[in-house]
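Below you'll find the structure, written out as structure tokens, and then a few comments.
Residue numbers (my numbering): 2 to 280.
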């Protein structure tokens, strides 16, 4: 699922909503769209509900606190994206600053403003400034959002799913420390060898799918900053029986680490270093 942020930068609400409407309408021509609205003025605990106020197929209104969690619901922006990812091709997130996905900044100050960690693919004063023909390819060239649930849902849609009796998965996550005396890891940062990493990941999936009894393989590895406790990598295998499913999951993660050019920087409370530079 491709995620696009839309935030205001000195715009009035009418301009922001009009931009959202135009973007959602264009994306809906290509696939199912979910909309996540973050509204810092909502604090009554009644929001984070499905509604249709913003267009698209599903809209979550999220209330205010430090983690963008609606009061009394436990739902965050991340929770909403995970829910949408199983059956949406696109998600539009409205009102979240510093989103780690491509964003549109709307308003007279938009061209000058950049939030920390933000990738602005369009800065516009209003809907009339949108170049949707350029916006969509820019969005789709960025790394998509994936979750374990969305990958499992994808393999279940395989045309050979009726022959499958097993789905096996592996999830790799950021651990804070290897031993009790280690300095805690704050986050890992991953970079990939552009073009080559994606080609090798696809080739590895294809190779694993040639095995007898293996019907579908999905590999996914995040790039950028992944914080302590967050998921990094998923391997999902649809197979006829558990034996080939488990073997292929283990081989898949081992070969991914060996064959796909990904570079990892570790940042602890005391130090930071590229792991491949360490003996």
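Note that the Cβ used here is the ideal one computed from N, Cα and C, for glycine as well.
Closest by CA to residue 156, which one among 238, 192 and 31? If you number the chain shown from 1, residue 156 lands on position 155. Here the closest residue by C-alpha is 238.
Please go through the same chain and pick out, in chain order, the residues whose beta-carbon is closer than 6 Å to the beta-carbon of residue 123, but skip the five residues on each side of it. Numbered from 1 along the chain shown, position 122 holds the residue referred to as residue 123. Hits under 6 Å: 105 and 136.
Hey, quick one: how far does the alpha helix (DSSP H) through residue 249 stretch, first residue to last? If you number the chain shown from 1, residue 249 lands on position 248. In this chain, the alpha helix (DSSP H) harbouring residue 249 covers 243-260.
Using alpha carbons as the reference points, say which of 6, 159, 153 and 259 lies closest to residue 99. Start at 1 with the first residue of the chain shown, and residue 99 comes out as number 98. The shortest Cα separation from residue 99 among 6, 159, 153 and 259 belongs to 6.
Roughly how many angstroms lie between the CA atoms of residue 249 and residue 94, to the nearest whole one? The sequence position of residue 249 within the chain shown is 248, counting from 1. The sequence position of residue 94 within the chain shown is 93, counting from 1. So the alpha carbons of these two residues sit roughly 36 Å apart.
8 Å Cβ cutoff, residue 147 in contact with chain B: The displayed structure is made up of one protein chain only, and chain B is not part of it.
Test item: CB-CB of residue 243 and residue 191 under 8 Å: As a working note, residue 243 is residue 242 in the chain shown. As a working note, residue 191 is residue 190 in the chain shown. The answer is no: Cβ separation not under 8 Å.
Distance, Cα to Cα, residue 204 vs residue 177? Locating residue 204 in the chain shown gives position 203, counting from the first residue. Locating residue 177 in the chain shown gives position 176, counting from the first residue. Cα to Cα, the separation comes out at about 32 Å.
Report the CB separation of residue 36 from residue 25 in whole angstroms; it is logged as a contact under 8 Å. As a first step, residue 36 must be located in the chain shown, where it is residue number 35. As a first step, residue 25 must be located in the chain shown, where it is residue number 24. 6 Å between Cβ atoms; contact.
Residue 151 and residue 216: beta carbons closer than 8 Å? Taking the chain shown and counting its residues from 1, one reaches residue 151 at position 150. Taking the chain shown and counting its residues from 1, one reaches residue 216 at position 215. No, these two residues do not count as a Cβ contact at 8 Å.
Integer Cβ distance of residue 1 from residue 175, believed to fall under 8 Å: No statement about residue 1 is possible, as the shown extent of the chain runs from 2 to 280 and does not include it.
Please report the residue range of the alpha helix (DSSP H) in which residue 151 lies. Looking up residue 151 in the chain shown gives position 150. 149-157 is the span of the alpha helix (DSSP H), which, as asked, contains residue 151.
Helix, strand or coil, according to DSSP, for residue 232 in the structure here? For this step, residue 232 is matched to residue 231 along the chain shown. The answer is strand: DSSP assigns residue 232 an E or B state.
In three-state terms, what does DSSP make of residue 142? Residue numbering aside, residue 142 sits at position 141 when the chain shown is read from its first letter. DSSP places residue 142 in helix when its eight states are reduced to three.
For residue 8 and residue 97, the rounded distance between their alpha carbons: If you number the chain shown from 1, residue 97 lands on position 96. If you number the chain shown from 1, residue 8 lands on position 7. C-alpha separation (whole angstroms): 6 Å.
Identify which residue in 154, 182 and 181 has its Cα closest to the Cα of residue 170. Within the chain shown, the letter at position 169 stands for residue 170. Of the listed residues, the one whose Cα sits closest to residue 170 is 154.
C-alpha distance - residue 66 paired with residue 103, whole-angstrom precision: Numbered from its first residue, the chain shown carries residue 66 at position 65. Numbered from its first residue, the chain shown carries residue 103 at position 102. Low confidence applies to residue 66: its pLDDT is 48, below 50, so where it sits in the model is not reliable enough to give any reading.
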